[in-house]
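When we follow the working numbering, the leftmost residue of the sequence shown carries the number 100, and every step to the right adds one.
The beta-carbon is built from N, C-alpha and C at its ideal position, and this holds for glycine as well.
Structure record follows, encoded as structure tokens.
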Amino acid sequence: MYAQFAYGYAIIPRMTNKVYIIGHRNPDTDSVVAAAAYARLKQLLGKTEYVAARAGHLAPQTEYIFKRFKVEPPVYIPDLVPKTEYYMSDKYVSVDENVSLWKAVDKMISTNSSVLPIINVDGTYQGLLNYNAFALNSYKLLNPKRGDIFLASLHLIEKTLNATPIVEFDPDDYFNCRIMIGDDDVQTFSKLLEEHKSENIVVITGDRDDIQRACIEAHVKALIITRDYIVKKELRDLAKENKVSILSGHDSTAATATLIEYSSPVSAMADKNILPVHASDSVQKIRPLLAKSTSRCLPVVDDDYKVIGIISESDLLHEANIQVILVDHNEPQQAVEGIDHYVIQEIIDHHKISTFSTKTPITFINRPVGSTSTIIANLYHENHVSIPKDIAALLLCGILSDTLILQSATVTDIDVTTAEYLSSITELDIKELGNDIIKSGSHIGGRTSKEVIHQDMKDYTEGKISYTVSQIEVDSTTEIMERKKEFLEQLEAERKGGGKLFHALLVTDITKLSSIMLLASEQSFESLMNFPKRAEHVYYMKDIVSRKKQLIPLLTEIVGQIEG
Numbered sequence: 100m101y102a103q104f105a106y107g108y109a110i111i112p113r114m115t116n117k118v119y120i121i122g123h124r125n126p127d128t129d130s131v132v133a134a135a136a137y138a139r140l141k142q143l144l145g146k147t148e149y150v151a152a153r154a155g156h157l158a159p160q161t162e163y164i165f166k167r168f169k170v171e172p173p174v175y176i177p178d179l180v181p182k183t184e185y186y187m188s189d190k191y192v193s194v195d196e197n198v199s200l201w202k203a204v205d206k207m208i209s210t211n212s213s214v215l216p217i218i219n220v221d222g223t224y225q226g227l228l229n230y231n232a233f234a235l236n237s238y239k240l241l242n243p244k245r246g247d248i249f250l251a252s253l254h255l256i257e258k259t260l261n262a263t264p265i266v267e268f269d270p271d272d273y274f275n276c277r278i279m280i281g282d283d284d285v286q287t288f289s290k291l292l293e294e295h296k297s298e299n300i301v302v303i304t305g306d307r308d309d310i311q312r313a314c315i316e317a318h319v320k321a322l323i324i325t326r327d328y329i330v331k332k333e334l335r336d337l338a339k340e341n342k343v344s345i346l347s348g349h350d351s352t353a354a355t356a357t358l359i360e361y362s363s364p365v366s367a368m369a370d371k372n373i374l375p376v377h378a379s380d381s382v383q384k385i386r387p388l389l390a391k392s393t394s395r396c397l398p399v400v401d402d403d404y405k406v407i408g409i410i411s412e413s414d415l416l417h418e419a420n421i422q423v424i425l426v427d428h429n430e431p432q433q434a435v436e437g438i439d440h441y442v443i444q445e446i447i448d449h450h451k452i453s454t455f456s457t458k459t460p461i462t463f464i465n466r467p468v469g470s471t472s473t474i475i476a477n478l479y480h481e482n483h484v485s486i487p488k489d490i491a492a493l494l495l496c497g498i499l500s501d502t503l504i505l506q507s508a509t510v511t512d513i514d515v516t517t518a519e520y521l522s523s524i525t526e527l528d529i530k531e532l533g534n535d536i537i538k539s540g541s542h543i544g545g546r547t548s549k550e551v552i553h554q555d556m557k558d559y560t561e562g563k564i565s566y567t568v569s570q571i572e573v574d575s576t577t578e579i580m581e582r583k584k585e586f587l588e589q590l591e592a593e594r595k596g597g598g599k600l601f602h603a604l605l606v607t608d609i610t611k612l613s614s615i616m617l618l619a620s621e622q623s624f625e626s627l628m629n630f631p632k633r634a635e636h637v638y639y640m641k642d643i644v645s646r647k648k649q650l651i652p653l654l655t656e657i658v659g660q661i662e663g
């Protein structure tokens, strides 16, 4: 995004809306890979607003894959709770703190802006000019008891009056300016100059040689000659000698006296009590702040306190400036928090269809295959786009990870054909690569039970009952069994904390293609379990490796008995 600067103003264009392509919470490899690969496809089709995102930290296996193939992982978005940045307008006009009040107000009117953020040279927020602040300061300027003293510089006076410097000293220096009108007889006016000789006097006068001379001899700060009257050479020379600036203006003395009051820098007239909000602030937090703001608008700043937009109460009535595409899930409880506030463009998944509802018709692709990565790879083919080699490597890893190297019960002929095609593009051996990525995620040494449980964790709902199932693939269940007490305690803490019927951890042995299941549950549920026990709350799950296709149907059947 680029700013166009002219005459001290920055006009910021409207930025393109973003569409986040995002997987489920506690994302596994397939979820993260699908988001990254589908975002790349969209970008290759010329749709630059699409951004790959993830709703959780990378699991060790996923991190290994992205590092190995040198691909930047999707951006981490912990939640999509409505934030200022999703509703703010980035089409705004800001003004430099050294611009005159007159020019700033003129810019407000010409751009139809209700507020004007005031910034310094590096874009840092300094204050806000709104019509309320302008009205209050106008009263101060016009108040006869004020004493005609205000902050100004000769440069700002020139710009405000559109005056021409004849003789000029230190034009950019600010000073407290006292305005005097040179329309008395010269004796009376000289006495006034003497009374205020310690002040920075700026005298406005017309074709009065005697007043001009008196001012120059009194060493006033500046002399403003109205109606383009010509100053004699001898007076110009005397002004240079006495270091008195002379400006030549076009307007009458009365008009000049009115306009000059607005040559103060806008920063001196701004409302500095209006604090900005941050782009990351929640809408819930800023609503009361907007209600207290006179203009019902607030400036938005980034972490460096630089202005990046304006947020108003009316902005909150519009759709957010982001939309989403969901990959590898379609159940609301698995989606990133806050998803219900945004337009969902598409859902691409390979799980059972939930009762997900959307505001508008969408593209919904749901195919009975072993991996969402399989679907994404075939979408490249359907769109006649060649798969970049790095993306092909990621997609192959996604398929092998989600299907246990094509050995899971969820594997289809489409998965196998797609994996072989990706292998030919990348020149990667399926078996060798599969073993590498499975091993990269199977080590639990040095990791807490919470980290392991959260690595690949999904929530489910059946009627009024909710439960959670986590899964990890290992090359031996020995360490899990040695630490079963720690894992069972963590599962129970997670279950109670989430108000779930049960929380299970499926530990899949990739060398034996079977699993054990650690279970923390209410007694009413566990009493219905009829799987072989390995230990208290630990069950042997022969030939079960797929959470989606094998375990969840079994657990759903038992949950149905509880509901009955």
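The Cβ atoms of S541 and V510 do not sit closer than 7 Å to each other.
Across the structure, Y137 and T655 are spaced so that their CA atoms are roughly 32 Å apart. The Cβ atoms of I461 and I474 do not sit closer than 7 Å to each other. If one requires a minimum length of 4 residues, the alpha helix (DSSP H) runs lying completely within the region 353-401 are 365-368, 382-391, in chain order.
The C-alpha of S569 is placed about 22 Å away from the C-alpha of G437.
At the C-beta level, L494 and S472 come within 7 Å of one another.
Your pair N299 and C276 checks out as a contact, with CB atoms roughly 6 Å apart and the cut at 8 Å. Boundaries for I438: no alpha helix (DSSP H) harbours it, and the DSSP string shows neither H nor E there.
Uninterrupted alpha helix (DSSP H) stretches at least 4 residues long and entirely within the region 514-589 occur at 529-539, 548-554, 577-581, given in chain order.
Nearest to L617 by C-alpha distance, out of D448, E585, K611, K599, is E585. I120 and D427 have their C-alpha atoms roughly 11 Å apart. Under the DSSP definition of a beta bridge, F601 partners with S620.
Under the three-state reduction of DSSP, M187 is assigned to coil, being neither helix nor strand. The three-state secondary structure of A151, taken from DSSP, is strand. Bounds of the beta strand (DSSP E) holding S344 are 344-347.
Around I490, the same chain offers A136, R139 as residues with beta carbons nearer than 6 Å, after the five sequence neighbours per side are excluded. According to the DSSP assignment, T304 belongs to the beta strand (DSSP E) that extends over 299-304. Just measuring C-alpha positions, the residue of S379, S199, M640 sitting nearest D402 is S379. Per the Cβ contact rule, the region 606-613 is in contact with the region 633-647 (3 or more Cβ pairs under 8 Å). Rounded to the nearest whole angstrom, the CA to CA distance from I218 to V194 is 6 Å. G659 sits exposed, since fewer than 16 C-beta atoms from the chains shown fall within 10 Å of its C-beta.
Pairing T454 with P126, the inter-Cα distance amounts to about 21 Å. The Cβ neighbour count for G122, taken over all protein chains shown within 10 Å, is at least 16; the residue is labelled buried. Within the DSSP bridge table, the entry for T223 names K405 as partners. If you draw a 10 Å sphere on the C-beta of D512, you find fewer than 16 other C-beta atoms in it, and that means exposed.
In this structure, I609 keeps its C-beta atom at 7 Å or more from the C-beta atom of I661.
In this structure, the beta-carbon distance from K583 to T525 does not fall below 7 Å. As DSSP reads the structure, K182 sits in a beta bridge with S381. Short of 8 Å from the beta carbon of S626, and not among the five residues preceding or following it, lies no beta carbon of its own chain. Y175 carries a strand assignment under DSSP once its states are collapsed to helix, strand and coil. Setting aside the 5 residues that flank it on each side, N261 is surrounded in the same chain by H349, each with a C-beta closer than 7 Å to its C-beta; the list follows chain order. Classified as exposed, V220 has fewer than 16 neighbouring CB atoms from the shown chains inside 10 Å of its CB.
Beyond the five residues adjoining it in sequence on each side, A203 comes within less than 7 Å, by CB distance, of V194, L215, L228, V365 in the same chain, given in chain order. Nearest Cα to E621 within the set I564, L255, T607, K632: I564. Here K320 is buried: its Cβ has 16 or more other Cβ atoms, across all protein chains shown, within 10 Å.
The residue from P181, G598, V132 with its alpha-carbon nearest to that of I498 is V132.
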